[in-house]
Amino acid sequence: MTLEIKDLLHKLDALLVAHFYQRDEVVALAHLCGDSLELSRKASQSPKNLIVFCGVAFMGQSVKVLAPQKRVIMPKMACCSMARMIDSEYFDRSIATLESYGIPKEDIFPITYINSNADVKAKVAKMGGLVCTSANAKKIFDYAKSKQKKIFFLPDKCLGQNLAIADGKTSCIIGNASKEEVLGSDVICYDGFCSVHQLFSVSDVEFYRQKYPDIQIVVHPECDPSVVSIADFVGSTSQIISYVQSLPLEQKVAVGTEFNLVNRLRPKLNGINTTFVLSASKPECPTMNETTLQDVLDCLRAYEDNMPINEVFLDDDTQHWAKIALDRMLELS
Ligand code: 13P
Ligand code: SF4
């Protein structure tokens, strides 16, 4: 199967792209592997016209938004559960709630995490806002602060709260907070979250620290603020990889992110494992794990037969405005 996939990729002059959370066998075949920021940038700038994207839907969409002339197909049209927690209607309703509290629309600066669909990115751009990823969130947050408006951060409440805490700003969650709390907060977060990163808890950190007092705790910023605030290192998937791989192999590390990535991080030391998943349960992103080599092959065969499956298409308005939101981010990062 692997040989046939390679042959078809060559014949179709296609770029096979995989997020770090994909299964090992998919990552092993990919021409390009990375975090959300790297993948959207590098895949859209690639000279190849056909992008075969193994990841979740918003990632394939981001490539199409940035490079509309390319054909983007996805072996599985898998959805990030966090991205599905908001759509353009929920976005409008949130803005209407803030307006009903007396905050004029012009005084709201929206930032959407890249884990959102293109229609939401388009809405954010129309209000003057932009996208961030976990890799550039601090830079984008600093830019947003310079606008001296209320920041509306969506959809990930954890990333929004973590940015606010790190900067000494007040934050609240729309829907949970009272009108007074909303009015008194610098950052208003939408009530979305990642079900995978919710699995990591303070008791997991305590468990590992008790077992190995010199262990380092490394987490993704989609984790709950209670966990992020006691971690030794917080970063995007590529930042986690660079950081952990820069540590001596004797240094024990417990990592709070998706298990496929964690399991590939480091070899054992003389047969002894020094890299742990920071959870008693398996932190598996079910939709990222849906894509198999058979799906990649089926998708390539269908494309070759002129019957493409799971091709990414966007309407012109969404395409235009979502690109503005992503371009604003890329200019700053
Ligand atoms: P990265 O941008 O760090 O790759 O994160 C994407 C993601 O979905 C994490 O859950
Ligand atoms: Fe979405 Fe969470 Fe999966 Fe990342 S790990 S793709 S945020 S559901």
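Note that the working numbering has the sequence shown beginning at 78, numbered continuously upward. Glycine residues also receive a C-beta, built at the ideal position from the N, C-alpha and C atoms.
Near residue 344, what residues of its chain come up, given a Cβ to Cβ distance below 6 Å and the 5 sequence neighbours on each side ignored? On the sequence shown, position 267 is the one that residue 344 refers to. Closer than 6 Å at the Cβ level, and outside the excluded window around residue 344, lies no residue.
8 Å Cβ cutoff met for residue 377 and residue 116: Looking up residue 377 in the sequence shown gives position 300. Looking up residue 116 in the sequence shown gives position 39. Here residue 377 is not near residue 116, since their CB atoms are 8 Å or more apart.
Taking just the CA atoms, how far does residue 113 sit from residue 209? As a first step, residue 209 is located in the sequence shown; it is residue number 132 there, counting from the start. As a first step, residue 113 is located in the sequence shown; it is residue number 36 there, counting from the start. If you take the alpha carbons of residue 209 and residue 113, they lie about 10 Å apart.
Residue 100 versus residue 83 - alpha carbon distance: Walking along the sequence shown from the start, residue 100 turns up at place 23. Walking along the sequence shown from the start, residue 83 turns up at place 6. About 17 Å.
Output the distance between the C-alpha atoms of residue 297 and residue 328, rounded to the nearest integer angstrom. Residue numbering aside, residue 297 sits at position 220 when the sequence shown is read from its first letter. Residue numbering aside, residue 328 sits at position 251 when the sequence shown is read from its first letter. Cα to Cα, the separation comes out at about 19 Å.
For the beta strand (DSSP E) holding residue 227, just list the boundary residues, first then last. As a working note, residue 227 is residue 150 in the sequence shown. Bounds of the beta strand (DSSP E) holding residue 227 are 227 to 231.
Sorted by chain position, which residues of the same chain lie with C-beta nearer than 6 Å to residue 268's C-beta, five sequence neighbours on each side aside? On the sequence shown, position 191 is the one that residue 268 refers to. Answer for residue 268: 234, 250, 252, listed in chain order.
Is DSSP giving residue 235 helix, strand or coil here? By one-based count along the sequence shown, residue 235 stands at place 158. Three-state result, residue 235: helix.
N-terminal and C-terminal residue of the alpha helix (DSSP H) that residue 331 is part of: The residue you call residue 331 lines up with position 254 of the sequence shown. Premise fails: residue 331 lies in the beta strand (DSSP E), 330 to 333, not in any alpha helix (DSSP H).
How should residue 91 be labelled, buried or exposed, when 16 other C-beta atoms within 10 angstroms of its C-beta is the threshold for buried? Counted from its first residue, the sequence shown places residue 91 at position 14. With 16 or more other Cβ atoms from the protein chains shown falling within 10 Å of its own Cβ, residue 91 counts as buried.
Run through DSSP, which three-state label would residue 145 get? Locating residue 145 in the sequence shown gives position 68, counting from the first residue. DSSP, reduced to helix, strand and coil, places residue 145 outside both helices and strands of the structure shown, so it counts as coil.
Is residue 142 a contact residue of ligand 2, with contact defined as CB to any heavy atom under 7 Å? Position 65 of the sequence shown, counting from 1, holds the residue named residue 142. No, the Cβ of residue 142 stays beyond 7 Å of every heavy atom of ligand 2.
What does the alpha-carbon distance come out to for the pair residue 402 and residue 207? On the sequence shown, residue 402 is found 325 positions in, with the first residue counted as 1. On the sequence shown, residue 207 is found 130 positions in, with the first residue counted as 1. Distance between the alpha carbons of residue 402 and residue 207: 4 Å.
Classification of residue 400 by the beta-carbon crowding that lies within 10 angstroms, buried from 16 upward: Numbered from its first residue, the sequence shown carries residue 400 at position 323. Buried: at least 16 other Cβ atoms inside 10 Å.
Measuring straight from C-alpha to C-alpha, what distance separates residue 385 and residue 153? Translated into positions along the sequence shown, residue 385 becomes position 308. Translated into positions along the sequence shown, residue 153 becomes position 76. So the two alpha carbons sit approximately 12 Å from each other.
Does the distance between the C-beta of residue 110 and the nearest non-hydrogen atom of ligand 2 fall short of 7 Å? Position 33 of the sequence shown holds residue 110. No; taking the cut-off as 7 Å, the Cβ of residue 110 has no heavy atom of ligand 2 nearer than that.
Beta-carbon separation of residue 216 and residue 410 under 8 Å? Reading the sequence shown from its first residue, position 139 is the one you call residue 216. Reading the sequence shown from its first residue, position 333 is the one you call residue 410. Closer than 8 Å, so yes.
Less than 8 Å separating the beta-carbons of residue 197 and residue 158? If you number the sequence shown from 1, residue 197 lands on position 120. If you number the sequence shown from 1, residue 158 lands on position 81. Not closer than 8 Å, so no.
Cβ of residue 271 within 7 Å of any heavy atom in ligand 2? Taking the first residue of the sequence shown as position 1, residue 271 is located at position 194. When distances are taken from the beta-carbon of residue 271 to the heavy atoms of ligand 2, the shortest one is below 7 Å.
Measuring only from the beta carbon, is residue 362 closer than 7 Å to any heavy atom that is part of ligand 2? Translated into the one-based positions of the sequence shown, residue 362 becomes position 285. Checking every heavy atom of ligand 2 against the Cβ of residue 362, one is found closer than 7 Å.
One or two residues paired with residue 189 in a DSSP bridge: Taking the sequence shown and counting its residues from 1, the one referred to as residue 189 is at position 112. DSSP, once it has assigned bridges, lists 208, 231 as partnering residue 189.
What residue range is occupied by the uninterrupted beta strand (DSSP E) comprising residue 353? Here the question's residue 353 lines up with position 276 in the sequence shown. Under the DSSP assignment, residue 353 falls in the beta strand (DSSP E) whose first and last residues are 352 to 354.
Per DSSP, what are the beta-bridge partners of residue 388 in this structure? For the purposes of this step, residue 388 is taken as the residue at position 311 of the sequence shown. Residue pairing of residue 388 in beta bridges, as defined by DSSP: 150.
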